[in-house]
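Protein sequence lines, in the order shown, are assigned to chains W and G. Numbering of the first sequence is given in the working numbering, commencing with residue 7 and proceeding in unit increments. Numbering of the second sequence is given in the working numbering, commencing with residue 7 and proceeding in unit increments.
There are 2 protein chains.
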Amino acid sequence: MSITANPQINGVDVPTLFATLDAVREQNEIAAFRFRASNTWVRGTHSRSTYSGFFGAGQEMQHRHDTVVESDHPEVLVGSDQAPTPVEYLLHAIAACLTAGIANVAAARGVELSKVSSTVEGDIDLLGILGLSDGSVRNGYEQIKVTLHVEGDADDATLRGIVEQSRRRSAVYDVLTQPTPVAIEVVTG
Amino acid sequence: MSITANPQINGVDVPTLFATLDAVREQNEIAAFRFRASNTWVRGTHSRSTYSGFFGAGQEMQHRHDTVVESDHPEVLVGSDQAPTPVEYLLHAIAACLTAGIANVAAARGVELSKVSSTVEGDIDLLGILGLSDGSVRNGYEQIKVTLHVEGDADDATLRGIVEQSRRRSAVYDVLTQPTPVAIEVVTG
């Protein structure tokens, strides 16, 4: 479990990962990233977002391909259920962020993973968003629970340590658990 | 701009929307929802989530169709850029949540919308997640900025009021701006 000479472990190019860390350590300003999404209303509660480019490493970059995702409300909430709800995307975000971190941390520690899977559940009391609470019910999730299954060539404590390090460095975990300022600018026409 | 007799405005079935509010007001417990995502690691920083069912209105329900979404890190961050990053899904979530709310609130207020579009930008300094900060840089977004373009058969103040009411009742806005507990359970094998 020392750092392996194999450049690819868990599909992570470990020498490049460490070289990237070194590059950012030398030149902090390349760590400033700006991600973007563009959303268009379709009808009712149905809308569509496109991801195309982002700013990072000191320059404007393009994703390898554009991605389109949609959201809607379910029929029981008077939507047309064309796609998952907006809040369900938060569940993917936390699962995917922790999982990417687990793969990276495991690779850096020389641990080969054979499986990472998770289920994420978010509990929400809709009395909040429906405006039917006296103020005691929040609009968002009361709690989110992630259940991770991790298998690899390391013992239980090592695998748990990898998950914990991923949590400690997770951007999505931080945004969910700590306040993030959201500014809304409105242009009418 | 009084409440319209037209049952469909902005693709929102207004009588059903009000009937749903009445039903929840009568029976608060049907407002308890649990949303879910299941994620599987693919390789490196690439993973895939599936949305299928959820619990709501007192019963287990299925989405009209399953949805699969993926995440990866970009190549500049040693990923294979197969899909948007986990943090980019947070940007879709806030845009889609505000937009669905705008359509609902506008319909409830009898305002016909002709356009809602938005761009969302999230600024993140990767010194945090890369562990290269002295602790002053957070892991997540430093700020998120939503720029909304809203057009409809109402004046500027009315349209802004609709956006503001959507923000006030937005589940995703609440999760991003207020702390949400995230529990992580690990099973190793």
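Glycine included, every Cβ here is placed at the ideal spot set by N, Cα and C.
Ranking G:S53, G:I150 and G:A38 by CA distance to the CA of L182 of chain G puts G:I150 first.
The alpha helix (DSSP H) runs lying completely inside the region 106-174 of chain G and spanning 4 residues or more are 162-174, given in chain order.
A check of alpha carbon separations from R175 of chain G across G:E127, G:C103, G:D129 and G:L119 identifies G:C103 as the nearest.
Contiguous beta strand (DSSP E) elements confined to the region 8-95 of chain W occur at 38-49, 52-62 and 65-77, taking only those with 3 or more residues. Across the structure, D72 of chain G and S86 of chain W are spaced so that their CA atoms are roughly 14 Å apart. At a cut-off of 7 Å between beta carbons, D159 of chain W makes no contact with chain G.
DSSP places T194 of chain W in the strand class (E or B) of the three-state scheme. At a cut-off of 7 Å, the C-beta of S142 of chain G has no neighbouring C-beta in chain W. Contacts between V188 of chain W and chain G, judged by CB atoms closer than 7 Å, involve I100, I150, V152, Y179, L182 and T183 in chain order. Of the residues G:P21, G:V178 and G:Y147, the one whose Cα lies closest to the Cα of A37 of chain W is G:Y147. For E127 of chain W, the chain G residues whose C-beta falls within less than 8 Å of its own C-beta are R40, F41 and R42, listed in chain order. Here G107 of chain W is buried: its Cβ has 16 or more other Cβ atoms, across all protein chains shown, within 10 Å. At least 7 Å separates the CB of D28 of chain G from every CB of chain W. Boundaries cannot be given for T186 of chain W, as no alpha helix (DSSP H) includes it and DSSP labels it neither H nor E. For P92 of chain W, the CB contacts under 8 Å within the same chain, skipping 5 residues up- and downstream, are S77 in chain order. Taking the CA atoms as reference points, G134 of chain W sits about 19 Å from E81 of chain W. In this structure, R40 of chain G lies away from D19 of chain W, with their beta-carbon atoms at least 7 Å apart. For A101 of chain W against A189 of chain G, the beta-carbon gap comes to about 13 Å, at or over 8 Å, which does not count as contact. Of all alpha-carbon atoms in G:L154, G:L165 and G:V192, the one lying nearest the alpha-carbon of E157 of chain W is that of G:V192. The residue from G:Q88, G:T105, G:E170 and G:S139 with its alpha-carbon nearest to that of K121 of chain G is G:T105.
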